[in-house]
């Protein structure tokens with residue numbers, strides 16, 4: 001079968017623009033703890049460019065199948081991975097993302113017409129690669145399209161890097177629309193595997209990674225508690241932060257570098273977790289609870305310092321999203337140290353857990369409409385680029401006009 005023609009694409013674009021089409025965003029974050037799927041309509045009250053603001057109508061985080069979870073965990077933790085396994089993992093992740101969206105549309109009871117699939121980041125430069133920035137996401141969009149039976153936009157980071165950018169944080173290229181109701185100027189914080197800030201100014205957008213968040217918190221929980229994460233920060237709440245360890249972590253060169261900047265698990269992955277444990281023990285930290293309390297304080301202070309050193313404005317709000325936004329000790333410490341009022345994404349109609357999936361649904365819609373999104377202040381990329389690669393739907397399953 002041949003791909004759908006341009007008239008079909010124009011009709012899909014019109015359906016997305018009008019808010020009639022159901023659009024999905026799907027990804028597995030740097031924490032690698034499952035597949036986030038959000039179903040979205042672009043029929044909100046605020047408009048920016050060709051699109052109205054997105055409205056989430058369904059969201060869930062679905063677990064990986066156990067064997068796939070093991071393979072993802074292995075590559076995220078830096079275990080040697082050959083070309084064969086990389087190819088098979090990209091195929092199998094694409095199928096898993098597609099099946100997750102197919103599950104979502106069955107649960108919701110309506111067909112998805114467009115998917116934004118971020119994939120699974122398995123390597124991302126730390127700004128120190130002598131040959132220049134590079135990144136790698138697994139989960140091929142063609143496999144997503146075959147599983148769901150609709151058009152897919154994927155591989156968003158590559159064009160940003162090709163245009164001279166960091167390739168992250170990409171959320172800054174959608175947050176202006178996702179948080180259309182948020183008074184400017186305000187800051188949006190994502191506490192995922194890494195923490196990053198989107199600074200929504202009155203006349204533009206800036207963004208940068210702050211450092212590790214759940215990559216540290218969950219990494220320590222796996223090593224010290226034998227659990228995938230410290231649920232509700234309970235172990236951390238029983239501990240006491242060790243000032244010398246926190247100060248040493250805050251001296252990491254990445255945290256001191258000026259934006260634009262991004263990072264990932266090659267800098268703050270399994271090997272770094274072992275370094276944190278070794279340094280903590282050398283400094284006299286003994287209990288798992290004290291390690292986790294120290295990590296929570298570090299995450300909060302790294303964000304507060306990034307706002308102070310690189311923010312440069314008085315923000316109406318600091319809006320917390322991501323898995324780390326459920327960690328009471330991180331948020332309590334941040335609320336004490338931040339000069340800006342700390343609120344949750346749901347205060348402005350955005351589920352904190354769904355925000356990243358909502359971002360990739362928005363980027364897919366913007367790509368379909370040909371909207372340029374790159375901004376030098378956000379990722380360092382040259383302005384005016386459309387991000388993402390298009391996978392047409394199976395032609396036999398393309399919807400009628």
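Residue numbers (our numbering): 1 to 401. Glycine included, C-beta positions come from ideal geometry on N, C-alpha and C.
With a CB to CB cut of under 6 Å and the five nearest residues on each side skipped, what residues in its chain are close to residue i?
i	result
residue 343	317, 319
residue 262	166, 168, 209
residue 337	304
residue 366	373
residue 293	236, 239, 240, 241
residue 264	124
residue 117	26, 97, 141, 144, 152, 154
residue 80	none
residue 122	75, 136, 138
residue 327	233
Are the beta-carbon atoms belonging to residue i and residue j less than 8 Å from one another?
i	j	result
residue 39	residue 16	no
residue 12	residue 113	yes
residue 313	residue 210	no
residue 402	residue 162	Residue coverage of the chain in this structure runs from 1 to 401, which leaves residue 402 outside it and unanswerable.
residue 54	residue 358	yes
residue 62	residue 37	yes
residue 321	residue 189	yes
residue 385	residue 159	yes
residue 296	residue 233	yes
residue 202	residue 185	yes
residue 283	residue 245	yes
residue 199	residue 179	no
Here's a check: name, in chain order, each residue in its chain whose Cβ is nearer than 7 Å to the Cβ of residue i, leaving out the five neighbours to either side.
i	result
residue 238	289
residue 18	none
residue 258	310
residue 2	For residue 2, the pLDDT reaches just 44, beneath the cut-off of 50, and the residue's location in the model is therefore unreliable, although a value from the coordinates is still provided. Same-chain partners within the cutoff: 395.
residue 351	56, 59, 345
residue 9	none
residue 99	147
Looking at the strands, I want to know which residues DSSP matches up with residue i.
i	result
residue 212	194
residue 344	320
residue 25	38, 116
residue 137	121
residue 389	154
residue 204	201
residue 186	200
residue 56	40
residue 61	36
residue 47	52
Thinking just about the alpha-carbon of each residue, which of the options is nearest to the one in residue i?
i	options	result
residue 230	152, 291, 189, 369	291
residue 34	70, 50, 23, 44	70
residue 171	390, 375, 389, 391	375
residue 285	334, 224, 332, 31	224
residue 21	361, 386, 335	361
residue 219	249, 274, 202	274
residue 260	156, 128, 283	128
residue 51	85, 14, 68	14
residue 68	91, 49, 83	91
residue 28	85, 83, 95	95
residue 391	105, 101, 115	115
residue 89	105, 102, 64	64
residue 49	99, 83, 149, 174	174
residue 243	279, 253, 221, 272	279
residue 205	131, 334, 315, 102	315
residue 106	149, 93, 247	149
Contact defined as beta carbons within less than 8 Å: I believe residue i pairs with residue j. What is the distance between those atoms, to the nearest angstrom?
i	j	result
residue 393	residue 151	5 Å
residue 120	residue 72	6 Å
residue 307	residue 187	7 Å
residue 348	residue 181	5 Å
residue 388	residue 364	7 Å
residue 77	residue 269	7 Å
residue 276	residue 249	7 Å
residue 126	residue 267	4 Å
In chain order, what residues of the same chain lie with their CB nearer than 8 Å to the CB of residue i, ignoring the 5 residues before and after it?
i	result
residue 324	191, 192, 195, 213, 214, 217, 299, 330
residue 255	210, 211, 302, 305, 306
residue 287	239
Closer than 8 Å, CB to CB, is residue i near chain B or not?
i	result
residue 357	No chain B appears in this structure, which consists of one protein chain only.
Taking only heavy atoms of the ligand MN into account, decide whether any of them is closer than 7 Å to the Cβ of residue i.
i	result
residue 239	Looking at this structure, you won't find the ligand MN or any other ligand, since it has none at all.
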